[in-house]
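Contents: one structure, followed by commentary.
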Amino acid sequence: MTYLVIARKYRPQTFEEVVGQSHIVETLRNSILSGRVGHAYLFSGSRGVGKTSLARIFAKSLNCPEVKDANPCNRCETCESISAGTNIDVIEIDGASHRSVEDIEVLRDGSQYMPTRSPYKIYIIDEVHMLTRHAFNALLKTLEEPPPHVKFIFATTEPNKVPDTILSRCQRFDFRRITPQDIVERLRQIAEKEGVDIETSALYQIAQASNGGMRDAQSLLDQAISFCGAKLTSEEISRILGTLPQVKVLDFIRFLNEGRKEEGLALIDEIYWMGGDLSLFLEQVVENMRNLMVFLSLGERGRDFSGAPLREEVWRPLAKTTTLPKAIAFTQALIAAKKKVRQDSQARVILEMTFLYLCHFDEFLRPSNLLRKVEDFSSKSSFSLTSPLTPKPTSSSTKGKLPVSASTPSASSAPSAIWKVEEIKNNWTNFLEILHKKLDKSFSLCLTYLEEAKCEKITSDSITICFFQDFLKEVVEENQEFKRALENLLFQLTQKKITVYFTYSSLSSTQGTLGGRGCKSGDSAEYSHLPEIVQKAIEMFQGTLLRPRETSSETNK
Numbered sequence: 030m031t032y033l034v035i036a037r038k039y040r041p042q043t044f045e046e047v048v049g050q051s052h053i054v055e056t057l058r059n060s061i062l063s064g065r066v067g068h069a070y071l072f073s074g075s076r077g078v079g080k081t082s083l084a085r086i087f088a089k090s091l092n093c094p095e096v097k098d099a100n101p102c103n104r105c106e107t108c109e110s111i112s113a114g115t116n117i118d119v120i121e122i123d124g125a126s127h128r129s130v131e132d133i134e135v136l137r138d139g140s141q142y143m144p145t146r147s148p149y150k151i152y153i154i155d156e157v158h159m160l161t162r163h164a165f166n167a168l169l170k171t172l173e174e175p176p177p178h179v180k181f182i183f184a185t186t187e188p189n190k191v192p193d194t195i196l197s198r199c200q201r202f203d204f205r206r207i208t209p210q211d212i213v214e215r216l217r218q219i220a221e222k223e224g225v226d227i228e229t230s231a232l233y234q235i236a237q238a239s240n241g242g243m244r245d246a247q248s249l250l251d252q253a254i255s256f257c258g259a260k261l262t263s264e265e266i267s268r269i270l271g272t273l274p275q276v277k278v279l280d281f282i283r284f285l286n287e288g289r290k291e292e293g294l295a296l297i298d299e300i301y302w303m304g305g306d307l308s309l310f311l312e313q314v315v316e317n318m319r320n321l322m323v324f325l326s327l328g329e330r331g332r333d334f335s336g337a338p339l340r341e342e343v344w345r346p347l348a349k350t351t352t353l354p355k356a357i358a359f360t361q362a363l364i365a366a367k368k369k370v371r372q373d374s375q376a377r378v379i380l381e382m383t384f385l386y387l388c389h390f391d392e393f394l395r396p397s398n399l400l401r402k403v404e405d406f407s408s409k410s411s412f413s414l415t416s417p418l419t420p421k422p423t424s425s426s427t428k429g430k431l432p433v434s435a436s437t438p439s440a441s442s443a444p445s446a447i448w449k450v451e452e453i454k455n456n457w458t459n460f461l462e463i464l465h466k467k468l469d470k471s472f473s474l475c476l477t478y479l480e481e482a483k484c485e486k487i488t489s490d491s492i493t494i495c496f497f498q499d500f501l502k503e504v505v506e507e508n509q510e511f512k513r514a515l516e517n518l519l520f521q522l523t524q525k526k527i528t529v530y531f532t533y534s535s536l537s538s539t540q541g542t543l544g545g546r547g548c549k550s551g552d553s554a555e556y557s558h559l560p561e562i563v564q565k566a567i568e569m570f571q572g573t574l575l576r577p578r579e580t581s582s583e584t585n586k
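In our numbering, the protein residues as written are 30 to 586.
Put into C-alpha cells, the structure is as follows:
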C-alpha cells in the first residue's frame with residue numbers, strides 16, 4: 030500500500046480539527062447556521078496554516094446532505110469525494126498554472142451550468158494572486174454577480190498582489206500563524222497515534238522551525254520519524270534541522286558579551302568544519318539574543334518564541350554579562366551580518382569579523398560617554414570640570430567658527446534655527462548630538478557607527494559621509510529607513526532637500542574627524558597640567574579646551 034505522509038493523513042476533516050484559526054471557524058459556521066453564506070471568500074495567510082483545508086471543509090459543509098450543526102458527516106459520497114479532490118461540483122484550480130484569460134473564460138463558461146449532484150458549484154482557486162491582470166479583469170463580472178448556485182473560495186499567501194477590485198467583492202479572512210503551543214499539542218497527538226515517543230523539547234524545536242506552519246511541522250515530524258525511528262530526542266532533532274544545541278548557542282552569546290575571542294572563534298571554527306549552516310546558526314543566535322533582551326526587560330515575566338516562560342536559572346547568568354542597550358546594538362549588528370552571510374561566499378569571514386568587532390564594541394565609545402568618564406575622574410582630583418570659570422578671551426583662531434546660540438542650533442534647541450549646509454561639516458560633533466536626540470532609538474547602532482565616520486564633502490544639495498571601515502559603511506548603507514530619517518532631519522535643519530551618500534576610505538579615521546576641529550601638535554604644552562585622561566581625550570577627539578578650569582586650591586583662595 031502506498032505510504033500516506035503525515036501532513037495528508039492527519040489533514041483536518043472537520044471544523045473542530047482546524048488548529049489555531051478559531052476566529053475564522055466560528056464565523057464560517059455561524060454563516061452556515063444563519064443562512065448568510067456569501068458568494069466569494071478570500072483566505073489569506075502564510076503557508077501551511079490551513080487555508081485550503083478549511084476551504085474544503087467549508088465546501089463539504091455547504092454540499093453535505095447530512096450536515097449537522099454546520100459540520101459535514103465525512104461519511105457520505107459527497108464528503109469523501111471532496112476530501113479526495115475528485116468531486117465534480119467542487120473544482121480546485123491551481124492559480125499558478127491556470128492563470129491566463131483563456132483559463133478564466135473556461136471557468137466563467139462552466140459556472141453557468143447547474144451543479145450535478147450538490148446544492149452548490151464551488152470553485153477553490155489556490156494561489157489566486159498568480160493570475161494575470163487580464164485574467165482578474167475577466168473574472169470581475171462573474172465575481173460581482175455570480176449565478177446563485179456558484180461560490181468562490183480564493184486562497185493566497187500574498188493578498189497585496191490581488192487587485193482591489195477583486196478584494197472588494199470578497200469576504201476576506203486573514204489566517205494567523207499557529208502558535209508553538211498549538212503545534213506542539215497537535216504533534217503530540219499525532220505521535221501518540223503513530224506510536225512514537227518524542228521529548229517535549231524536541232517538539233518545541235520542530236514547532237519553532239516550522240515558523241507557524243502546521244504542514245511544515247508535520248513534514249518535519251515525518252522526516253524525524255523516518256530518521257530516528259520510534260524514539261526522538263532533542264539532539265537528534267538538532268541533527269535533522271542542522272541547528273546547534275541550545276547550550277552552544279548560549280555559550281557563543283556569553284563569549285560575545287565577555288569578549289572571549291579565543292573561545293568564540295574556536296566555536297565558529299567547529300561549526301564550520303562540521304558542515305553547519307552559518308546563516309542558520311546566526312538565526313539561532315538572534316532568536317536567543319531576542320530572548321535575552323526580553324529577560325533584561327521583563328525578567329521571568331518574559332516569554333520565548335515558543336511562548337514558554339524564560340527560566341531564570343538559564344537567563345540570569347547570561348543577563349549579568351551585558352546590558353539592554355548593548356544587547357540591542359549587538360542584535361542589530363548580528364541581523365545585518367545574517368543578511369550578508371546568506372548572500373556572500375565568505376560567510377565564515379563575515380561571521381568572524383562581526384564577532385571580533387562586537388568583542389571590541391566598548392572601544393567605540395561616543396565622545397559624550399568618554400566625557401562622563403572624564404568628569405568622574407576629575408571629581409576625584411584637583412581638576413574640576415564644574416568649578417567656577419573665568420572666560421577666556423576670544424582669539425583670532427576662533428574666527429570663522431559659528432556661535433552655537435546664533436546660527437548653529439545646539440542639540441537641545443535643534444531644529445529651531447535654520448542651518449546653512451556648509452555649517453554641518455564645521456559642526457559635525459554638534460550635528461551628531463542632534464541626531465542622537467532627534468532620531469528614533471531603533472537607529473542607535475547606525476548612529477554609533479556614524480561616530481566613526483567624518484563629513485567628507487558637502488555641496489548645496491548633498492552630503493558625503495566617509496567611513497574608515499567598510500563593514501560599518503555597509504551596515505549603515507543597507508538601512509534605508511535610517512538614510513531617509515537622516516535626510517528628513519537635514520531638511521528640517523536646512524530647509525533644503527539634501528541627499529546623503531556613504532563612502533569608504535582606507536585612511537585612518539583620526540585624520541579630520543569631528544568636523545576637523547582639533548588641537549595642533551604644538552598645543553601639547555598647553556594641556557600638560559591637565560590629568561592624563563583629559564589629555565588623551567583631547568588627543569583622541571582632536572578637541573580644544575575652550576575655557577581653562579581653576580583648580581580647587583585656587584578657588585578656595
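Where a beta carbon is used, it is the ideal one built from N, C-alpha and C, also for glycine.
Keep in mind that this is a model prediction, so the values were computed, not measured.
Checklist entry - Can a CB atom of chain B be found closer than 7 Å to the CB of residue 340? => result Included in the structure is just one protein chain, with no chain B present.
Next on the checklist: On the criterion of 16 or more Cβ atoms from any shown chain inside 10 Å, does residue 302 qualify as buried, or is it exposed?
Outcome noted: Within the sequence shown, the letter at position 273 stands for residue 302. Label assigned to residue 302: exposed.
Item to check | Beta-carbon gap between residue 133 and residue 84 smaller than 7 Å | outcome: Numbered from its first residue, the sequence shown carries residue 133 at position 104. Numbered from its first residue, the sequence shown carries residue 84 at position 55. No.
Checklist entry - So is the beta-carbon of residue 181 under 6 Å away from any non-hydrogen atom of the ligand PLP? => result Ligands in the displayed structure: none, and consequently the ligand PLP is not present.
Next on the checklist: Can you look up residue 289 in the DSSP assignment and give me helix, strand or coil?
Outcome noted: Residue 289 sits at position 260 when you count from the first residue of the sequence shown. For residue 289, the three-state secondary structure derived from DSSP is coil.
Checklist entry - What is the DSSP secondary structure of residue 93, reduced to helix, strand or coil? => result Counting from 1 along the sequence shown, the entry for residue 93 is found at position 64. When secondary structure is reduced to three states using DSSP, residue 93 falls in the coil class, being assigned neither helix nor strand.
Checklist entry - Can you check whether the CB of residue 249 is closer than 7 Å to the CB of residue 227? => result Working through the sequence shown from its first residue, we reach residue 227 at position 198. Working through the sequence shown from its first residue, we reach residue 249 at position 220. With respect to residue 249, residue 227 sits apart: the two C-beta atoms are not nearer than 7 Å.
Item to check | Between the CA atoms of residue 501 and residue 537 - distance to the nearest angstrom | outcome: As a first step, residue 537 must be located in the sequence shown, where it is residue number 508. As a first step, residue 501 must be located in the sequence shown, where it is residue number 472. Unreliable positioning characterises residue 537 in this predicted model, as indicated by a pLDDT of 47, which lies under 50. A coordinate reading is not provided.
Item to check | Under 7 Å between C-beta atoms of residue 74 and residue 207 | outcome: Here residue 74 refers to the residue found at position 45 of the sequence shown. Here residue 207 refers to the residue found at position 178 of the sequence shown. Taking 7 Å as the Cβ cut-off, residue 74 and residue 207 do not qualify as a contacting pair.
Checklist entry - Given that a residue counts as buried once 16 or more other Cβ atoms are within 10 Å of its Cβ, and exposed if not, what is residue 155? => result Start at 1 with the first residue of the sequence shown, and residue 155 comes out as number 126. It counts as buried.
Item to check | For residue 238 and residue 268, the rounded distance between their alpha carbons | outcome: Your numbering for residue 268 matches position 239 in the sequence shown. Your numbering for residue 238 matches position 209 in the sequence shown. For residue 268 and residue 238, the distance between alpha carbons rounds to 13 Å.
Checklist entry - What's the C-alpha gap between residue 95 and residue 58? => result The sequence position of residue 95 within the sequence shown is 66, counting from 1. The sequence position of residue 58 within the sequence shown is 29, counting from 1. Roughly 15 Å separates the two Cα atoms.
Item to check | Proximal residues to residue 359 (C-beta, below 7 Å), its chain only, five neighbours per side dropped | outcome: Position 330 of the sequence shown, counting from 1, holds the residue named residue 359. Excluding residues up to 5 positions away in sequence, 285, 318 and 387 lie with their Cβ nearer than 7 Å to the Cβ of residue 359 in the same chain.
Next on the checklist: Just to confirm my understanding: we take residue 140, look at its own chain, exclude 5 residues before and 5 after, and list those with CB closer than 8 Å. What are they?
Outcome noted: Counting from 1 along the sequence shown, the entry for residue 140 is found at position 111. Excluding positions up to five away in sequence, the list reads 150, 152, 171, 175, 176 and 179.
Item to check | Euclidean distance between Cα positions of residue 186 and residue 244 | outcome: The residue you call residue 186 lines up with position 157 of the sequence shown. The residue you call residue 244 lines up with position 215 of the sequence shown. Counting only the Cα atoms, residue 244 lies some 14 Å from residue 186.
Checklist entry - Grouping DSSP H, G and I as helix and E and B as strand, with all else coil, what is residue 478? => result In the sequence shown, counting from the first residue as 1, residue 478 sits at position 449. Correct three-state label for residue 478: helix.
Checklist entry - Would residue 198 pass as a contact of residue 69 if the rule is Cβ separation under 7 Å? => result Here residue 198 refers to the residue found at position 169 when the sequence shown is read from its first residue. Here residue 69 refers to the residue found at position 40 when the sequence shown is read from its first residue. Result yes, Cβ atoms of residue 198 and residue 69 sit closer than 7 Å.
Item to check | Own chain residues within Cβ distance below 8 Å of residue 148, not counting five before or after | outcome: Locating residue 148 in the sequence shown gives position 119, where the first residue counts as 1. Once the five neighbours on either side are set aside, the close Cβ partners of residue 148 are 91, 92 and 178.
Item to check | Residue environment, residue 397, which counts as buried when at least 16 other CB atoms sit within 10 Å | outcome: Reading the sequence shown from its first residue, position 368 is the one you call residue 397. Per-residue confidence for residue 397 stands at a pLDDT of 47, beneath the threshold of 50, marking its modelled position as unreliable; the derived number appears in the next sentence. With fewer than 16 other Cβ atoms inside 10 Å of its own Cβ, residue 397 counts as exposed.
Item to check | Host beta strand (DSSP E) of residue 222 (start-end) | outcome: Start at 1 with the first residue of the sequence shown, and residue 222 comes out as number 193. Careful: residue 222 lies outside any beta strand (DSSP E), inside the alpha helix (DSSP H) at 209 to 223.
Item to check | Beta-carbon proximity list for residue 491, same chain, < 7 Å, skipping 5 on both sides | outcome: Walking along the sequence shown from the start, residue 491 turns up at place 462. So the qualifying residues of the chain are 527, 528 and 530.
Checklist entry - How close, in whole Å, do the beta carbons of residue 381 and residue 297 come, if the pair is a contact with beta carbons under 8 Å? => result Residue mapping note: residue 381 aligns to position 352 of the sequence shown, counting from 1. Residue mapping note: residue 297 aligns to position 268 of the sequence shown, counting from 1. Your pair residue 381 and residue 297 checks out as a contact, with CB atoms roughly 6 Å apart and the cut at 8 Å.
Checklist entry - Taking the DSSP output, what are the residues bridged to residue 73? => result Position 44 of the sequence shown holds residue 73. Bridge pairing for residue 73: 185 and 203 [DSSP].
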